[in-house]
Amino acid sequence: MKAVLGAGLVALSVAVAGSVHAEPVKIGMITTLSGGGAGLGVDVRDAFMLAIKQSGNEEIEVVIEDDGQKPELAVQIADKMIQSDKVDLMTGIIWSNLAMAVVPSVTGQDVIYLSPNAGPSALAGANCNPNYFNVAYQNDNFHEAVGAYAKAQGFKKMFIMAPNYPAGKDSLTGFKRYYDAELAGEVYTKLGQTDYAAEIAQIRSSGADGLFFFLPGGMGIAFMKQFAQSGVDLPVMGPGFSFSQDVLGAIGDAAVGAKNSSQWSKDLDNEANKKFVETFQSEYGRLPSLYAAQGYDTANLVLSAIEKASVKDKEAFRAALKEADFDSVRGKFKFNTNNHPIQDIYMREVIKEGDVLTNKIVDTAFTDHQDAYAAECKM
Amino acid sequence: MSSALIIEQVLNGIQLGVTLFLMAAGLTLIFGVMGLINLAHGSLYMVGAFACAVVAAATGSFWLGLAASLAAAAAAGAVMEILVIRRLYARDHLDQVLATFALILIFSEATRWLFGSFPLYLNIPSALSGAVHLPGGAQYSLYRLAIIGVGIVVAAGLYLLISHTRLGMRIRAGESDREMIGALGVDIRTLYTIVFALGAALAGLAGALVGAQQSVQVGMGEPVLILAFVVIVIGGIGSIKGALIGAVLVGVVDTLGRFLLPVLLEVFLPPSQAASIGAAVASMLIYIVMALILAVRPQGLFAANA
Amino acid sequence: MTRERTVNLVLLLLVPAAALAAQAIGETFYVTLATRIAILALAATGLNIALGLGGLVSFGHAAFFGIGGYAAGILATHAFNQEPLLFGLPGSKQMLVIWLTSLVASGLVAAVIGAISLRTSGVYFIMITLAFAQMIYYFAISWPAYGGEDGLSLYVRNSFPGLNTLDPMTFFLICYGLLVLGLLVFATLRASRFGTALQASRQNPTRVAAVGITPYRIRLVAFILSGMVTAIAGALYADLNRFVSPSMLSWHMSGELIVLIILGGTGRLFGPLAGAILYILFEFVLGGLTESWQLFLGLILLGVVLFARGGLIGLLAGKERHG
Numbered sequence: 011m012k013a014v015l016g017a018g019l020v021a022l023s024v025a026v027a028g029s030v031h032a033e034p035v036k037i038g039m040i041t042t043l044s045g046g047g048a049g050l051g052v053d054v055r056d057a058f059m060l061a062i063k064q065s066g067n068e069e070i071e072v073v074i075e076d077d078g079q080k081p082e083l084a085v086q087i088a089d090k091m092i093q094s095d096k097v098d099l100m101t102g103i104i105w106s107n108l109a110m111a112v113v114p115s116v117t118g119q120d121v122i123y124l125s126p127n128a129g130p131s132a133l134a135g136a137n138c139n140p141n142y143f144n145v146a147y148q149n150d151n152f153h154e155a156v157g158a159y160a161k162a163q164g165f166k167k168m169f170i171m172a173p174n175y176p177a178g179k180d181s182l183t184g185f186k187r188y189y190d191a192e193l194a195g196e197v198y199t200k201l202g203q204t205d206y207a208a209e210i211a212q213i214r215s216s217g218a219d220g221l222f223f224f225l226p227g228g229m230g231i232a233f234m235k236q237f238a239q240s241g242v243d244l245p246v247m248g249p250g251f252s253f254s255q256d257v258l259g260a261i262g263d264a265a266v267g268a269k270n271s272s273q274w275s276k277d278l279d280n281e282a283n284k285k286f287v288e289t290f291q292s293e294y295g296r297l298p299s300l301y302a303a304q305g306y307d308t309a310n311l312v313l314s315a316i317e318k319a320s321v322k323d324k325e326a327f328r329a330a331l332k333e334a335d336f337d338s339v340r341g342k343f344k345f346n347t348n349n350h351p352i353q354d355i356y357m358r359e360v361i362k363e364g365d366v367l368t369n370k371i372v373d374t375a376f377t378d379h380q381d382a383y384a385a386e387c388k389m
Numbered sequence: 006m007s008s009a010l011i012i013e014q015v016l017n018g019i020q021l022g023v024t025l026f027l028m029a030a031g032l033t034l035i036f037g038v039m040g041l042i043n044l045a046h047g048s049l050y051m052v053g054a055f056a057c058a059v060v061a062a063a064t065g066s067f068w069l070g071l072a073a074s075l076a077a078a079a080a081a082g083a084v085m086e087i088l089v090i091r092r093l094y095a096r097d098h099l100d101q102v103l104a105t106f107a108l109i110l111i112f113s114e115a116t117r118w119l120f121g122s123f124p125l126y127l128n129i130p131s132a133l134s135g136a137v138h139l140p141g142g143a144q145y146s147l148y149r150l151a152i153i154g155v156g157i158v159v160a161a162g163l164y165l166l167i168s169h170t171r172l173g174m175r176i177r178a179g180e181s182d183r184e185m186i187g188a189l190g191v192d193i194r195t196l197y198t199i200v201f202a203l204g205a206a207l208a209g210l211a212g213a214l215v216g217a218q219q220s221v222q223v224g225m226g227e228p229v230l231i232l233a234f235v236v237i238v239i240g241g242i243g244s245i246k247g248a249l250i251g252a253v254l255v256g257v258v259d260t261l262g263r264f265l266l267p268v269l270l271e272v273f274l275p276p277s278q279a280a281s282i283g284a285a286v287a288s289m290l291i292y293i294v295m296a297l298i299l300a301v302r303p304q305g306l307f308a309a310n311a
Numbered sequence: 002m003t004r005e006r007t008v009n010l011v012l013l014l015l016v017p018a019a020a021l022a023a024q025a026i027g028e029t030f031y032v033t034l035a036t037r038i039a040i041l042a043l044a045a046t047g048l049n050i051a052l053g054l055g056g057l058v059s060f061g062h063a064a065f066f067g068i069g070g071y072a073a074g075i076l077a078t079h080a081f082n083q084e085p086l087l088f089g090l091p092g093s094k095q096m097l098v099i100w101l102t103s104l105v106a107s108g109l110v111a112a113v114i115g116a117i118s119l120r121t122s123g124v125y126f127i128m129i130t131l132a133f134a135q136m137i138y139y140f141a142i143s144w145p146a147y148g149g150e151d152g153l154s155l156y157v158r159n160s161f162p163g164l165n166t167l168d169p170m171t172f173f174l175i176c177y178g179l180l181v182l183g184l185l186v187f188a189t190l191r192a193s194r195f196g197t198a199l200q201a202s203r204q205n206p207t208r209v210a211a212v213g214i215t216p217y218r219i220r221l222v223a224f225i226l227s228g229m230v231t232a233i234a235g236a237l238y239a240d241l242n243r244f245v246s247p248s249m250l251s252w253h254m255s256g257e258l259i260v261l262i263i264l265g266g267t268g269r270l271f272g273p274l275a276g277a278i279l280y281i282l283f284e285f286v287l288g289g290l291t292e293s294w295q296l297f298l299g300l301i302l303l304g305v306v307l308f309a310r311g312g313l314i315g316l317l318a319g320k321e322r323h324g
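Protein chains in written order, with our numbering: chain X, 11 to 389; chain A, 6 to 311; chain U, 2 to 324.
So this is what it looks like as structure tokens:
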């Protein structure tokens with residue numbers, strides 16, 4: 011599609027305000043706080059609010075609403091936040107399909123949107139937008155990392171599996187972009203499926219030497235538990251979502267040893283991360299997930315830009331965001347030309363620390379990795 | 006494709022069918038006796054799974070958790086019947102659909118409020134973990150075999166209960182003529198509460214059994230609920246036998262469809278496309294089967310009150 | 002009847018009055034909210050033809066809502082990319098073309114679904130319509146050409162000859178005009194001989210058959226009309242959100258359409274409008290107040306079914322007269 015984003019959409023008239031410091035900033039957060047996927051939204055919200063609180067900036071107001079994981083509802087809330095609450099910035103959406111519903115219309119109304127999780131390819135390439143900043147990852151990145159890792163580790167016959175929907179297809183495409191050896195099988199499952207007996211039987215009989223799967227949320231929990239019980243003994247790999255802190259507790263010991271990719275890990279050795287993990291744990295009584303890390307970075311990015319420019323001066327504020335001059339819990343972070351991150355992606359292994367399951371970094375899959383779509387973005 | 010793989014897939018289909026049967030049996034019993042459509046049956050399934058997970062985590066025993074799931078779901082069912090459902094028997098299906106739809110919202114949010122937004126941990130008991138060797142070289146999860154066993158026991162138990170006990174006699178009487186059994190002096194209010202609690206307990210049992218090998222989280226009951234409705238409609242609403250046969254049919258068709266369709270399509274298409282289109286058709290398959298069956302037999306396979 | 006007529010008149014004027022007031026004080030968001038109410042009321046009015054007049058409890062009307070939405074999305078995407086659609090026919094950004102396409106597509110699908118489903122009745126009918134909607138839902142999720150689960154974005158709202166549809170007030174008036182048209186269709190149908198036969202076949206199918214009318218055929222026609230009206234609403238909904246996705250086809254959507262009718266008052270001409278006003282306001286107000294808004298929404302719905310039979314209009318205008 012051609013880049014005519016926003017043509018003809020009603021642009022909000024924004025008065026240019028004066029002082030840079032301590033000016034009121036209103037941030038709209040639409041995220042998932044009810045239903046089965048609420049854990050991710052809760053982590054993003056909690057970490058975001060933690061960073062705002064730590065900044066001591068009392069002029070920041072965050073309006074939070076639950077989208078119930080429904081795209082139409084998210085669109086309605088976005089309209090309300092822009093037209094009625096008159097927010098300056100927006101953030102919070104967890105799921106790609108909701109982001110696809112909301113982001114084009116938000117950026118078209120000249121409101122800046124910062125993604126704390128989803129990064130669909132359609133927003134990274136030709137349809138990139140100066141008002142859209144992705145602080146998390148481009149959707150393919152984690153899968154590409156596992157593909158590269160599997161190849162480097164000498165796997166010859168991987169079995170790969172994902173749900174039959176766009177993110178699932180992007181996942182397997184991303185994996186195959188860096189893994190070019192033979193596949194023992196390529197399976198698409200039904201979205202929301204929770205019984206994987208049929209697929210496990212196929213894996214067993216496929217003669218694979220390793221397994222890569224992408225099954226977000228409850229699907230991944232169900233699969234790992236059933237896989238562990240099946241007696242099939244294969245190295246398991248997946249993107250960080252499937253072994254993130256929010257689901258590890260529910261999978262239990264079945265997850266131990268699984269390799270997964272992420273741009274963040276609890277044990278990353280830098281000051282910002284130590285502070286983040288420690289304060290998050292003492293504030294909320296649980297370990298942060300990678301979604302929490304992304305929410306925390308999003309807030310700190312916004313805070314760093316507020317220091318440099320007035321949020322009413324869009325041009326200057328976008329430039330301030332693009333500099334990404336904040337202490338990321340990932341250690342280093344910068345934006346590519348399409349406003350998506352250039353960052354390292356690690357391989358983690360699920361381990362047990364006392365009674366608690368968590369991840370530790372075992373390898374680096376990519377250094378300064380950028381997504382495959384940046385070249386198509388003319389911005 | 007080896008025969009071991011086919012045996013394993015057929016067993017998988019039966020096992021899925023058995024779990025659906027536990028859900029469908031309660032649903033069809035409640036419809037048969039009280040004429041009520043209960044969309045909130047999936048919420049009782051969720052209650053069972055959460056009760057099992059919480060008790061198992063507190064006591065360390067899956068079996069206590071399983072007992073708790075039966076008790077909690079039955080209690081939740083009884084309370085729900087007394088407070089809400091009882092007022093709906095005389096209403097049309099429309100009001101029942103709306104009220105039980107509202108109950109789903111209430112149960113989901115209340116559960117999330119009580120137990121938080123993150124999935125809970127529940128694992129299968131160590132006595133049933135691991136795989137066993139079957140004749141013919143197949144290997145199969147012991148726990149899944151145990152679920153099939155539970156399904157057979159429940160089916161037999163329901164058969165005995167309905168055909169050989171006083172309660173069963175009343176249930177049968179209630180199915181055929183509601184006014185009549187009231188006139189015979191049976192306390193119909195208590196009978197209805199008992200039947201509802203029984204259906205709820207079966208759903209709770211299914212939730213706990215399935216929760217142990219899937220994920221215990223809010224909203225887990227909804228996909229199962231829709232499948233259970235497909236089952237009872239195929240089997241004939243009100244018929245336990247129909248529910249059993251419908252459940253196994255749906256389980257086997259769904260499992261084999263997911264497994265065979267992509268393989269079949271690979272004959273004419275490149276693997277990646279075959280996998281994707283095969284999966285698309287497989288996800289529609291049971292609905293297609295249901296439409297075909299109803300087109301030929303509008304009252305399902307074993308209509309109870311045809 | 003007079004009291005219900007007063008209530009109807011108030012409802013009919015309330016929404017545009019609110020929209021105009023919001024426009025006047027510069028709160029355009031509330032114009033959008035009023036548009037949403039009008040569209041959902043139209044969708045439910047469509048369902049009301051089958052459900053209210055024919056007694057056909059369709060639990061699968063999301064299918065038609067989604068077909069209308071996808072008609073808008075697919076035509077607009079093809080026009081946007083200047084790719085031919087089918088047999089060399091181009092896409093279109095004209096609402097009139099999109100509406101016509103929605104009508105044809107949903108009419109055909111409703112004919113197929115209806116022809117099979119109407120062989121059953123009661124709970125079987127509820128469930129088989131649900132099953133058909135699920136079929137289409139899973140198809141939409143896994144069919145990659147039009148975005149699958151991610152849905153389709155409409156980058157610019159489609160156009161209507163002589164009007165600026167980008168203006169929220171104009172778009173509201175288009176939607177509201179169609180809602181009024183939908184209500185007129187419903188009222189005309191209800192008063193017509195066809196409507197009488199349809200209602201009679203709900204109340205007493207054997208007697209209708211005895212006078213030589215086949216209830217099956219009448220019901221099928223009603224079901225098709227019902228699906229077509231809902232599809233128009235779907236096309237508008239896509240234009241409102243500038244987005245269409247499989248969630249428009251989900252069983253929750255079907256459930257919500259039924260909820261709207263019962264909230265407003267089953268069998269009433271203005272039931273869907275009253276229900277849509279209430280539902281959207283609940284969703285909007287509760288969503289702003291608490292994270293657990295769905296819990297309270299559930300409690301309110303339950304309260305309405307148990308204690309306020311006849312819905313909002315029943316409360317305001319008293320019992321429905323049978324005649």
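Where is the CB? At the ideal position from N, CA and C, for every residue including glycine. No experiment lies behind these values; they were computed from the predicted model shown.
Starting from the Cα of residue i, find the closest Cα among the options and give me that residue.
i	options	result
Ala287 (chain A)	X:Val197, X:Phe165, X:Gln119 and X:Gln93	X:Val197
Ala104 (chain A)	U:Leu261, U:Leu104 and U:Pro273	U:Leu261
Gln353 (chain X)	X:Gln148, X:Glu82, X:Ala88 and X:Pro34	X:Gln148
Ser106 (chain X)	X:Asn139, X:Gly78, X:Ile122 and X:Asn127	X:Asn127
Ala39 (chain U)	U:Leu52, U:Pro85, U:Ile301 and U:Met170	U:Met170
Which word fits residue i, buried or exposed, when buried means at least 16 other C-beta atoms lie within 10 angstroms of its C-beta?
i	result
Lys362 (chain X)	exposed
Gly66 (chain X)	exposed
Leu34 (chain A)	buried
Gly1 (chain A)	For chain A, the structure presents residues 6 to 311; residue 1 (chain A) sits outside this window and is missing.
Gln163 (chain X)	exposed
Thr121 (chain U)	buried
Ser227 (chain U)	buried
Asp190 (chain X)	exposed
Is the Cβ of residue i closer than 8 Å to any Cβ of chain U?
i	result
Gln119 (chain X)	no
Asp89 (chain X)	yes
Leu225 (chain X)	no
Tyr50 (chain A)	no
Determine the direct distance from the alpha carbon of residue j to that of residue i, and round the result to whole angstroms.
i	j	result
Val20 (chain X)	Val157 (chain U)	In this prediction, Val20 (chain X) scores a pLDDT of 32, lower than 50, which makes its location untrustworthy; no coordinate-derived value is stated.
Ala217 (chain A)	Val52 (chain A)	13 Å
Gly74 (chain U)	Ala44 (chain U)	17 Å
Glu277 (chain X)	Val156 (chain X)	Before going further, note that residue 277 (chain X) is Asp rather than Glu in the sequence given. Approximately 19 Å between the Cα atoms of the pair.
Just list the residues that DSSP pairs residue i with in beta bridges.
i	result
Arg358 (chain X)	X:Asn270 and X:Ile371
Asn144 (chain X)	X:Ser125
Pro249 (chain X)	X:Ser271
Any Cβ of chain A within less than 8 Å of the Cβ of residue i?
i	result
Gln135 (chain U)	yes
Gln236 (chain X)	yes
His323 (chain U)	Below a pLDDT of 50, predicted positions are generally treated as unreliable, and His323 (chain U), at 45, falls in that range; the measurement from the model is reported next regardless. Closer than 8 Å: no.
Check whether the Cβ of residue i lies closer than 8 Å to any Cβ atom in chain B.
i	result
Phe297 (chain U)	No chain B appears in this structure, whose protein chains are X, A and U.
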